[in-house]
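Each remark here refers to the structure printed beneath this line.
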Amino acid sequence: MATLINQEQLKVLVYSANSNIGGVQIWCFSYFRYLLENNVPATLFIGQSGDLVEDLSEFHRSQLIVGDLATLFTYLSNNHIDILHVPSQSIDEGLGFVKILFPRIKIVVTCHGSIPIGWSTNNCDQIISCAPWLTNAASSIVGHEIPYIFNGVNSQNFYYEEDNIATIKPIILWVGRVNDTVKCFKSFIAAIPQIKDLGFDIWVATSVKKSDCVYNIDVEIDEWFSSNYFDMPKLYRTVSNSGGALLMTSIREGLPLTAIEAQACGCPLIGPCHTGIKDAAINKNFLYESNEIDDMLNKIKQLLQKKDYKTKAELSKAALNHFDMHNMTLNYFNLYKANKAPLKSNIIGQLKRKFLQIKYENLSFRLGIFKNISNTINDLDNLDLCSKLYKRKYIYLLFNFYKR
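If you want the numbering used here, it's the 1-based position in the sequence shown plus 1076.
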């Protein structure tokens, strides 16, 4: 029997700026669904409706709210919420003002890949990262040790099973935003001829049409999918059963759900040995030096030769155990009940935080949030909230709001 998650019946609101297909959004939706399905009172607030909403049942949609920042503030004013759980990027949308308006609500911030610029002990209660590599940078900016909790994977959708889908060749699969320079699709294109020489077919799964790719593709790609996210488990299992692998070429990753979900389906990961890719990899011997084609090709040959290789079933079991959704949720609820971590008071730490604050929390960064708050004040009917926001937005712009 699973351990009880929410003995105190905390009400949790999970926030996502939108519902487009991306790692942060998928995590927010998956966590929200898991909470509701385990009898935790939870609400999902999104700024815009999109692809991920389509798969929600009526049960889940009953706890879904779509709206702007003024809608969120109005909802928090009229409803009891114990925990507001947000990604670190939400500071850009003005979520740093919630604690000033609603001090009783506990604000928990997860860094999914970006360091927590703008968040501090003044405007949130807990900051956490999704992977070990993020903790040092986050801790330096925030001023206290940031723990990490690995993202979990939904084992009801992502798992391994044998199938009868025959493929003539093993498949190397690339997944992601092909036009995002961080994903470094151009490195993958450069390696395709040599990968094909090894006897692999090349598949690409992306939301971008091939005709809209910004790179010149003068090599043969066997399949180009504009895949629905909910078709991905079957795709990963097909690649796994072909004897192939997921290949990543990103410059950096927070903790790539793509890698975790693929491995949960028994599909090996081959990728550069850095940031969250390293933290996500079960078979670390398949990691190559950052985007070096020769090393990448050696890892692919290693896959063919079954060197340092877990069976598909072993890989799936290891991934599901390591990135367990239930354990992730239990860890978050322990954090929800914890006290706020104390600041480090030494002068070196204070100077370092001030330097990073000036470096990253620049005027243009603050002006963007200032603009969002200005629009929110115009949209709000609640005069009490408006008066607080009027006062705070000017203080914020004068660099005092995030005083450490």
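Note that CB positions come from ideal geometry on N, CA and C, so glycine has one too.
Mind checking whether residue i and residue j have CB atoms under 8 Å apart?
i: residue 1453; j: residue 1465; result: yes
i: residue 1101; j: residue 1120; result: no
i: residue 1309; j: residue 1324; result: no
i: residue 1429; j: residue 1217; result: yes
i: residue 1263; j: residue 1340; result: no
i: residue 1362; j: residue 1226; result: no
i: residue 1389; j: residue 1356; result: no
i: residue 1351; j: residue 1209; result: yes
i: residue 1408; j: residue 1342; result: no
i: residue 1152; j: residue 1183; result: no
i: residue 1161; j: residue 1103; result: no
i: residue 1456; j: residue 1149; result: yes
i: residue 1098; j: residue 1332; result: no
Return helix, strand or coil for residue i, following the three-state DSSP convention.
i: residue 1234; result: coil
i: residue 1133; result: coil
i: residue 1380; result: helix
i: residue 1214; result: helix
i: residue 1279; result: strand
i: residue 1323; result: strand
i: residue 1345; result: strand
i: residue 1417; result: coil
i: residue 1161; result: strand
i: residue 1469; result: helix
i: residue 1291; result: coil
Between residue i and the rest of its own chain, which residues show a CB-CB distance below 6 Å, the 5 nearest in sequence each way excluded?
i: residue 1158; result: 1086 and 1087
i: residue 1172; result: 1194 and 1199
i: residue 1371; result: 1364 and 1365
i: residue 1096; result: 1126
i: residue 1479; result: Per-residue confidence for residue 1479 stands at a pLDDT of 47, beneath the threshold of 50, marking its modelled position as unreliable; the derived number appears in the next sentence. The answer is none, since no qualifying residue turns up.
i: residue 1472; result: none
Taking the beta strand (DSSP E) that residue i belongs to, which residues open and close that run?
i: residue 1091; result: 1088-1092
i: residue 1250; result: 1247-1251
i: residue 1126; result: Element bounds for residue 1126: n/a, residue is neither H nor E.
i: residue 1192; result: Taken as a continuous stretch (DSSP letters only), residue 1192 belongs to no beta strand (DSSP E), as it is neither H nor E.
i: residue 1156; result: Here residue 1156 belongs to no beta strand (DSSP E), and DSSP marks it neither H nor E.
i: residue 1299; result: 1299-1301
i: residue 1142; result: 1140-1142
i: residue 1204; result: 1202-1205
Hey, quick one: how far does the alpha helix (DSSP H) through residue i stretch, first residue to last?
i: residue 1440; result: 1439-1455
i: residue 1390; result: 1388-1398
i: residue 1097; result: That residue, residue 1097, is in no alpha helix (DSSP H); it is neither H nor E in DSSP.
i: residue 1309; result: 1308-1318
i: residue 1269; result: 1261-1273
i: residue 1080; result: Note, residue 1080: premise wrong, no alpha helix (DSSP H); not H, not E.
i: residue 1424; result: 1423-1436
i: residue 1352; result: 1351-1356
i: residue 1368; result: From DSSP, residue 1368 is part of no alpha helix (DSSP H); its letter is neither H nor E.
i: residue 1177; result: 1174-1177
Less than 7 Å between C-beta atoms, sequence neighbours within five positions excluded: which residues of the same chain meet that for residue i?
i: residue 1233; result: 1309
i: residue 1222; result: 1203, 1204, 1205, 1211, 1214 and 1215
i: residue 1077; result: In this prediction, residue 1077 scores a pLDDT of 40, lower than 50, which makes its location untrustworthy; the coordinate-derived value is nonetheless stated afterwards. Taken in chain order, the list of residues that qualify is empty.
Under 8 Å by Cβ, that's how I've got residue i and residue j pegged, so tell me the actual separation to the nearest angstrom.
i: residue 1281; j: residue 1301; result: 4 Å
i: residue 1168; j: residue 1445; result: 7 Å
i: residue 1295; j: residue 1268; result: 4 Å
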